[in-house]
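Chains as they are written, first to last, in the working numbering: chain B, 1 to 359; chain Z, 360 to 655.
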Amino acid sequence: MEPGEGYLVQGARLTLDGLGKSFGDVVAVAELSLEIEEGTFVTLLGPSGCGKTTTLNLIAGFETPDRGVIALNGQPMNHLPPYRRPVNTVFQGYALFPHLSVADNVAFGLRMKKMPKDEIARRVARGLGIVRLDTYGDRKPDQLSGGQQQRVALARAFVNEPQVLLLDEPLSALDAQLRKQMQIELKNIQQELGITFIYVTHDQEEALVMSDLVCVMNQGRAEQIGSAKELYDRPATAFVAEFLGRNNFLKGTAETGPAGRRLTLWDGRWIDLMEPVPDGPALLSIRPERLELCAPSDEANVLPGVVVAIRFLGDRLEAKVEVADGVSLLTYATDAWIATGEKVAIRVPAEHCRYVGAP
Amino acid sequence: MELKEAETVAQPKRRSHRVLLASFLTPGLIWLAAFIAVPYMILFLYSIWKTNYVEIIKSPTFDNVHRLVTDQVVRTVALRSALIALIVTVAAFAMTFPLAYLAAFHIKRKKVFVFAVILPMWVSYIVRAYAWRIILGQDGILNGMLQALHLTDHPISAFLFSPLAVIITLTHVYMAFMFVPMYSVLEGLPKSYFRAASDLYANPFRRFMRVTLPLAAPGIAAGVMFVFPLAFGDYIAPSLVGGTNSTMIANLVQSEFGVTFNWPFGAAIVLGLLTVVLLVIGMMERWRGIEDVKLV
Chain B
1 MEPGEGYLVQ
11 GARLTLDGLG
21 KSFGDVVAVA
31 ELSLEIEEGT
41 FVTLLGPSGC
51 GKTTTLNLIA
61 GFETPDRGVI
71 ALNGQPMNHL
81 PPYRRPVNTV
91 FQGYALFPHL
101 SVADNVAFGL
111 RMKKMPKDEI
121 ARRVARGLGI
131 VRLDTYGDRK
141 PDQLSGGQQQ
151 RVALARAFVN
161 EPQVLLLDEP
171 LSALDAQLRK
181 QMQIELKNIQ
191 QELGITFIYV
201 THDQEEALVM
211 SDLVCVMNQG
221 RAEQIGSAKE
231 LYDRPATAFV
241 AEFLGRNNFL
251 KGTAETGPAG
261 RRLTLWDGRW
271 IDLMEPVPDG
281 PALLSIRPER
291 LELCAPSDEA
301 NVLPGVVVAI
311 RFLGDRLEAK
321 VEVADGVSLL
331 TYATDAWIAT
341 GEKVAIRVPA
351 EHCRYVGAP
Chain Z
360 MELKEAETVA
370 QPKRRSHRVL
380 LASFLTPGLI
390 WLAAFIAVPY
400 MILFLYSIWK
410 TNYVEIIKSP
420 TFDNVHRLVT
430 DQVVRTVALR
440 SALIALIVTV
450 AAFAMTFPLA
460 YLAAFHIKRK
470 KVFVFAVILP
480 MWVSYIVRAY
490 AWRIILGQDG
500 ILNGMLQALH
510 LTDHPISAFL
520 FSPLAVIITL
530 THVYMAFMFV
540 PMYSVLEGLP
550 KSYFRAASDL
560 YANPFRRFMR
570 VTLPLAAPGI
580 AAGVMFVFPL
590 AFGDYIAPSL
600 VGGTNSTMIA
610 NLVQSEFGVT
620 FNWPFGAAIV
630 LGLLTVVLLV
640 IGMMERWRGI
650 EDVKLV
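So, in structure tokens, the structure goes:
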């Protein structure tokens, strides 16, 4: 494949099959398989050291996988050096060439592909237009603000019209407000260009706001792949449940009771189950906003407890309710009547409980 | 109110800070004035005077400047010095850039490697110059080896006391000055620049030409700024390993001061040498772009 061949095709299907990479004794990517459809905005989300950046480096070709296949539109590209892969990267910290002007930075890839001069000029102008830096072409990178540098890095990558654009925590150096603004811009640019975006971040908000598909990674593996809503509403593992947003966990034993399937908790307390849960020790997760504060009663799925802490969040209160020794649940209340030390009860709606594996 | 208070509090602090700063700077400034500024002023004065045999006539004249630009010997020696210095600079660059590159990017035990490269710098210059006499001489190691290999049946005398011997010695002596700044610049470059270049379709050669080399420019310029002036004004190498056909500008200065007793002309040569060196440094400064104005 010629290095520049890909620029006419927009967006490509990327396949990672059984990818593995270790550095000495440290396993960076244990076993990763992913199928990414063309034009998708995919986020690799996870804590630092989960292997997300290594995965990106493997796709870009900066690292060689120990095992597995990386394929674009079904064509393996393991053997291609980085400069022959039709992918481009927006680096963390941008890596803009300090000795080149903004326009020369943006033109770099096009010049390396030996594109005609007028085409280069046209694309650079268009690229700088898209990131709204039309008049900054003559500046040096160090004469720009962080947000502007970020946009130059983005333009430098996408003017090449890569089949896949890799973004390594591109917004991490920006302040909160600019980050929010850039999230929207990135998403718009992605939709406009139709390029497949693979976005690496540890910031769950970024992942939820921008992505079509989120892959939560942990210890070199994909914990769960799905839309942001799927991951939030139906976490498959305890890790995903805990990593995305806030969550409560209930530990117990799943069994069949007189009234059907249930999770037996403590002191003869239980909650009815709607999800299929295998017999034995089980862990359930439930979002704080799904729990309801109520008056103590003997109804099913109502756990009595004591409010042990309250935090004021502006539009609501967050209450920590101890329902058993060492077991507390977080929930939200919009009313101000609740106070620390108060005896309350919490209703745990069975339809919102998620089985996230054995504890 | 608050501002005023802050000012009255800050003022004595600032004053003591200044006193401290002055006390740090004064010895150095006195040293610079006494041993750099004053001597150069004296040299300048001498350069516009002239001699009548051993007597120095202290009236301003352009004779020396005129002689400096017209004298055939001065011209030959100056050109030779410049040429030798240029070759030495290029040779030092050619030999140490790969080392600096290797040390910065490919060697695992960097410290040991760098130490090995700059180790010779801690051996006295004179000792190293004499070492080259031993290597290049008629009964030297080089001739011994060539004879042992039957590449020649009689010792070659052309090695020593030649411009080549001067070039070899100077390159060896000043190599480390080229290596250190280039290494430290290359070593400090973030890996991401090279990744970015590869990512943007630059093959290793073009990546080197378009990214590595331009980014190494400040280190190269610094190395040139060390090696060229040092080699250009060198006195020891041409005296010890150079012959009559490898006299350099410093030898000329020495003979004006020590042999012909023409101090004014010697002073003029020194100032001419200084001018050339400053020009080279100015060019390098400009090339590495440290005068770039930051607009924002």
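The beta-carbon is built from N, C-alpha and C at its ideal position, and this holds for glycine as well.
Cβ neighbour criterion (16 or more within 10 Å) applied to residue i
{"i": "A471 of chain Z", "result": "Note that residue 471 of chain Z is Val in the sequence shown here, rather than Ala. Flag for V471 of chain Z reads exposed."}
{"i": "Y542 of chain Z", "result": "buried"}
{"i": "N78 of chain B", "result": "exposed"}
{"i": "W270 of chain B", "result": "buried"}
{"i": "H202 of chain B", "result": "buried"}
{"i": "L510 of chain Z", "result": "exposed"}
{"i": "K363 of chain Z", "result": "Residue placement at K363 of chain Z is flagged as unreliable, the pLDDT there being 47, under the threshold of 50; the coordinate-derived value follows with that caveat. Looking at its Cβ environment, which holds fewer than 16 other Cβ atoms inside 10 Å, K363 of chain Z is exposed."}
{"i": "I395 of chain Z", "result": "exposed"}
{"i": "F591 of chain Z", "result": "buried"}
{"i": "V152 of chain B", "result": "buried"}
{"i": "E206 of chain B", "result": "buried"}
{"i": "I485 of chain Z", "result": "exposed"}
{"i": "W390 of chain Z", "result": "exposed"}
{"i": "S440 of chain Z", "result": "buried"}
{"i": "A453 of chain Z", "result": "exposed"}
{"i": "G147 of chain B", "result": "buried"}
{"i": "R156 of chain B", "result": "buried"}
Under 8 Å between C-beta atoms of residue i and residue j
{"i": "V344 of chain B", "j": "E322 of chain B", "result": "no"}
{"i": "V544 of chain Z", "j": "F97 of chain B", "result": "no"}
{"i": "N160 of chain B", "j": "G109 of chain B", "result": "yes"}
{"i": "I443 of chain Z", "j": "P623 of chain Z", "result": "no"}
{"i": "V42 of chain B", "j": "L186 of chain B", "result": "no"}
{"i": "A60 of chain B", "j": "P82 of chain B", "result": "yes"}
{"i": "F536 of chain Z", "j": "V586 of chain Z", "result": "yes"}
{"i": "C215 of chain B", "j": "L19 of chain B", "result": "no"}
{"i": "T237 of chain B", "j": "G357 of chain B", "result": "yes"}
{"i": "M643 of chain Z", "j": "A580 of chain Z", "result": "yes"}
{"i": "Q375 of chain B", "j": "P141 of chain B", "result": "The first residue shown for chain B is 1 and the last is 359, placing residue 375 of chain B beyond what the model contains."}
Three-way DSSP call (helix, strand, coil) for residue i in this model
{"i": "E35 of chain B", "result": "strand"}
{"i": "L165 of chain B", "result": "strand"}
{"i": "I198 of chain B", "result": "strand"}
{"i": "A350 of chain B", "result": "helix"}
{"i": "P386 of chain Z", "result": "helix"}
{"i": "V413 of chain Z", "result": "coil"}
{"i": "L637 of chain Z", "result": "helix"}
{"i": "V303 of chain B", "result": "Rather than Val, the amino acid found at residue 303 of chain B in this sequence is Leu. Here L303 of chain B sits in strand by DSSP."}
{"i": "W481 of chain Z", "result": "helix"}
{"i": "Q75 of chain B", "result": "strand"}
{"i": "E322 of chain B", "result": "strand"}
{"i": "F249 of chain B", "result": "strand"}
{"i": "G146 of chain B", "result": "helix"}
{"i": "K470 of chain Z", "result": "helix"}
{"i": "W665 of chain Z", "result": "With chain Z represented from 360 up to 655, any question about residue 665 of chain Z goes unanswered, as that position is not in the structure."}
{"i": "L380 of chain Z", "result": "helix"}
{"i": "K21 of chain B", "result": "strand"}
{"i": "P281 of chain B", "result": "strand"}
{"i": "N88 of chain B", "result": "strand"}
{"i": "S328 of chain B", "result": "strand"}
{"i": "D558 of chain Z", "result": "helix"}
{"i": "L519 of chain Z", "result": "coil"}
{"i": "L14 of chain B", "result": "strand"}
{"i": "D272 of chain B", "result": "strand"}
{"i": "M360 of chain Z", "result": "Any reading at M360 of chain Z must be qualified, since the residue scores a pLDDT of 42, below 50, and its modelled position is unreliable; the value itself is stated next. M360 of chain Z falls in the coil class under three-state DSSP."}
{"i": "E546 of chain Z", "result": "helix"}
{"i": "I527 of chain Z", "result": "helix"}
Beta-carbon neighbours of residue i, restricted to chain A and to distances below 7 Å
{"i": "P573 of chain Z", "result": "The structure shown contains no chain A; the protein chains it does contain are B and Z."}
* Any chance the stretch 233-251 of chain B sits against the stretch 52-69 of chain B, with 3 or more Cβ pairs inside 8 Å? -> no
* To do: Check whether the stretch 519-535 of chain Z touches the stretch 554-564 of chain Z, taking contact to mean three or more Cβ pairs, one atom from each stretch, closer than 8 Å.
  => no
* Just checking, does the stretch 421-439 of chain Z make contact with the stretch 598-615 of chain Z on the three C-beta pairs under 8 Å criterion? -> yes
* **Any beta strand (DSSP E) of 3 or more consecutive residues that is wholly inside the stretch 175-234 of chain B** => 196-201, 213-218, 221-226
* Segment contact flag, the stretch 84-91 of chain B with the stretch 148-165 of chain B, C-beta cutoff 8 Å, min 3 pairs -> yes
* Entirely within the stretch 562-614 of chain Z and at least 3 residues each: give me those beta strand (DSSP E) ranges in chain order. => none
* To do: Assess, as a yes-or-no matter, whether the stretch 343-359 of chain B is touched by the stretch 291-306 of chain B under the definition of 3 or more beta carbon pairs within less than 8 Å.
  => yes
* Which whole runs of the alpha helix (DSSP H) in the stretch 41-70 of chain B are 4 residues long or more, in chain order? -> 52-60
* Does the stretch 61-75 of chain B come within contact of the stretch 217-226 of chain B, defined as at least 3 CB pairs closer than 8 Å? -> no
* How about the stretch 627-634 of chain Z and the stretch 393-410 of chain Z: do they share at least three Cβ pairs that are nearer than 8 Å? -> yes
* Stretch-stretch touch, CB-based, cutoff 8 Å, three pairs: the stretch 250-260 of chain B with the stretch 278-294 of chain B -> yes
* To do: Please list the segments of the alpha helix (DSSP H) lying wholly inside the stretch 403-460 of chain Z, counting only runs of 4 or more residues, in order along the chain.
  => 422-429
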